[in-house]
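There are 2 protein chains.
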Amino acid sequence: MTARTDRETKILDVAADMLVRHGYRRVTIDDVAGAAGIGKGTVYLHWKTREELFSAVFARAVRGAIADMVTALRADPAVALLHRFAAEFFLAILRRPLLYGMVIGDVQMWGKLVGSEAGYDGGRHNMVMASYVDVLAARGFVRTDLATPELTYAFQSVFEGFIYAERTVGSTGTRDERARLLSATVESAFSRPGTPDAALADEVAALLSGLV
Amino acid sequence: MTARTDRETKILDVAADMLVRHGYRRVTIDDVAGAAGIGKGTVYLHWKTREELFSAVFARAVRGAIADMVTALRADPAVALLHRFAAEFFLAILRRPLLYGMVIGDVQMWGKLVGSEAGYDGGRHNMVMASYVDVLAARGFVRTDLATPELTYAFQSVFEGFIYAERTVGSTGTRDERARLLSATVESAFSRPGTPDAALADEVAALLSGLV
DNA sequence: ACTTGACCAGATTTCGAACTTGGTCATACG
DNA sequence: CGTATGACCAAGTTCGAAATCTGGTCAAGT
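The listed protein sequences derive, respectively, from chains D and P. Heads up, the first sequence is in the working numbering, so the first residue is 1066 and it goes up one at a time. Heads up, the second sequence is in the working numbering, so the first residue is 1066 and it goes up one at a time.
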């Protein structure tokens, strides 16, 4: 049954590509099927509706970014620190045109899926971030004079501020430099010095994996 | 000729009110004139076009926010500190539905004026912020391990991140609490301890006044 | 000298016809 | 017998012309 999975992957690849190139509105199921070299009906053997297909495209991009984060956490447990995490996540998002377009709220690219976020649960995202910050707080890796809900809110505001700033043309330096700037900002705003061990990194990775 | 100024104020009041209530698209010059108790042609004695009128409404809101900042700076020179400034400015914007709608990019409210920002020069805004941060840097009130352009970029990202976060429903606590949270974030991210004198506050006020 | 609203051109909205496309399913194929 | 397909249909979208509205003017009124 791997042929079926292969075909699914192929369809998602094609759909993602067309989505980036032409935007949500302009991509039809026929286009996708044609570009994948299969009949339209076949697409519906995998997803019940057009929206489900494109949601799947989005979900895969999210899984990809999370996989990147998990990899980074395994490679270097220090990525579990809030400021390192911020920089890695920032880059993991900007690396993916689909996610970038979603975060920026590119209506052209995502149509009505923006905001509804295509079945991807924004509430869950917030909860995971809150748990993550909780974990860091318990280990003393973040400032303790702010309650974790406030800390989480502030962190997310800062993070999204830097993401949104990407859409501004007059950005300073390179993307990597901006990631470092975000890191420096988050570090002095929220982090406390310390060196996480692999166990903590695993815990954070597990939390993230709960986002799939 | 104060009657003329009074009438101008009246028109701007009415226009601002209708703008908040009905949004850019739905407000006609006839509506505004009617609500102001004058003829349509009279409106054109004050502004050459519809766009100029609404730009004037926006410009007045900006001047109001800046006036608030100048007042706050005079009342307490410590507002010149980046984190105090951030909190005051945050509140000055959110206090004004027109500015809030503009910052949030409320297309419903502002129509095509969003982005073009109605003659209000976003580039100038950036320059003023950069000058302000320069002044703080020269006095040692902000961290010195970051160049001022980077510092400015980071500060603006953080600030806008908090503003954008306002549109999220699940905000923590009250608006004032969020202003304090922003302040705490900016303080530990960028500020260095110190007490500005009235001269510095005046200098900053002068910079801001250059934004009119 | 100042104000006004009738007026007009151009923009916007409306509305139905023409076309497009998501989703189904009878048929073809292996 | 199970899987894949594309012709088909209804729902949705686009298009265009007619109807309506509104920014801006200016001759007439105060």
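Idealized CB from N, CA, C, for every residue including glycine.
Under the three-state reduction of DSSP output, Val-1200 (chain D) falls in the helix class. Here Ala-1068 (chain P) is exposed: its Cβ has fewer than 16 other Cβ atoms, across all protein chains shown, within 10 Å. Its Cα nearest to that of Thr-1213 (chain D), the residue D:Val-1198 stands out among D:Phe-1224, D:Val-1198, D:Gln-1221. Remark: C-beta atoms of Leu-1265 (chain D) and Ala-1151 (chain D) do not approach each other more closely than 8 Å.
Taking the C-beta atoms as reference points, Leu-1163 (chain D) is found nearer than 8 Å to Phe-1123 (chain D). Contacts between Glu-1225 (chain D) and chain P, judged by CB atoms closer than 8 Å, involve Gly-1226, Tyr-1229, Ala-1230 in chain order. When CB distances to chain P are screened at a threshold of 7 Å, not a single residue of the stretch 1146-1170 of chain D falls below it. Gly-1226 (chain D) is not a Cβ neighbour of Val-1144 (chain P), given a cutoff of 8 Å.
Distances from the CA of Asp-1241 (chain P) to each of D:Glu-1215, D:Pro-1261, D:Thr-1250, D:Tyr-1089 were compared; the closest alpha carbon is that of D:Glu-1215. Proximity of Thr-1209 (chain D) to chain P, defined by a Cβ-Cβ separation below 8 Å, is not satisfied. Proximity of Tyr-1197 (chain D) to chain P, defined by a Cβ-Cβ separation below 8 Å, is not satisfied. The DSSP assignment places 1105-1111, 1115-1140, 1147-1159, 1162-1169, 1172-1175 as complete runs of the alpha helix (DSSP H) inside the stretch 1105-1177 of chain D, in order along the chain (cut-off: 4 residues).
Shortest Cα-Cα distance from Ala-1219 (chain D) to any of P:Ala-1157, P:Ala-1270, P:Val-1193, P:Thr-1233 involves P:Thr-1233. Going by DSSP, Tyr-1229 (chain P) is part of the alpha helix (DSSP H) stretching over 1213-1230. Secondary structure note for Leu-1276 (chain D): it is in no alpha helix (DSSP H), with a DSSP letter that is neither H nor E. Between the alpha carbons of Tyr-1109 (chain P) and Thr-1093 (chain P) lies a distance of about 13 Å. Residue pairing for Val-1085 (chain D): DSSP places it in no beta bridge. DSSP places Val-1269 (chain P) in the helix class (H, G or I) of the three-state scheme.
Secondary structure at Val-1092 (chain D): coil, using DSSP grouped into helix, strand and coil. Straight across, the Cα-Cα distance linking Val-1168 (chain P) with Leu-1077 (chain D) is about 36 Å. Counting the other CB atoms within 10 Å of its CB gives Val-1277 (chain P) a total below 16, which places it among the exposed residues.
For Pro-1258 (chain D), not one C-beta of chain P is nearer than 8 Å to its own C-beta. For the pair Thr-1209 (chain D) and Arg-1208 (chain P), the Cα-to-Cα distance works out to about 22 Å.
Annotation: the continuous alpha helix (DSSP H) that includes Ser-1253 (chain D) extends over 1240-1255.
Here Gly-1166 (chain P) is buried. Its C-beta has 16 or more other C-beta atoms within 10 Å.
Leu-1246 (chain P) belongs to the set of residues whose beta carbon lies under 8 Å from a beta carbon in chain D. In this structure, Trp-1112 (chain P) sits away from Ala-1100 (chain P), with a CB-CB distance that is not shorter than 8 Å.
Put simply, the backbone Cα of Arg-1149 (chain P) is about 41 Å away from that of Asp-1096 (chain P). Look at Ala-1249 (chain D): its C-beta is under 8 Å from a C-beta on chain P. Neighbours of Glu-1117 (chain P) in chain D, taken as residues at a C-beta separation under 9 Å, are lacking, since the least C-beta distance is about 26 Å. Cβ-Cβ distances below 8 Å link Arg-1243 (chain P) to Phe-1155, Phe-1227, Ala-1230, Glu-1231, Ser-1236, Thr-1237 in the same chain, with the five nearest sequence neighbours on each side left out; the list follows chain order.
Within the same chain, Leu-1147, Val-1207 come within 7 Å of Leu-1201 (chain P) by CB-CB distance, once the 5 residues on both sides are set aside. DSSP lists D:Ser-1256 as the beta-bridge partner residues of Val-1207 (chain D).
The alpha-carbon of Ala-1263 (chain P) is positioned some 40 Å away from that of Arg-1086 (chain P).
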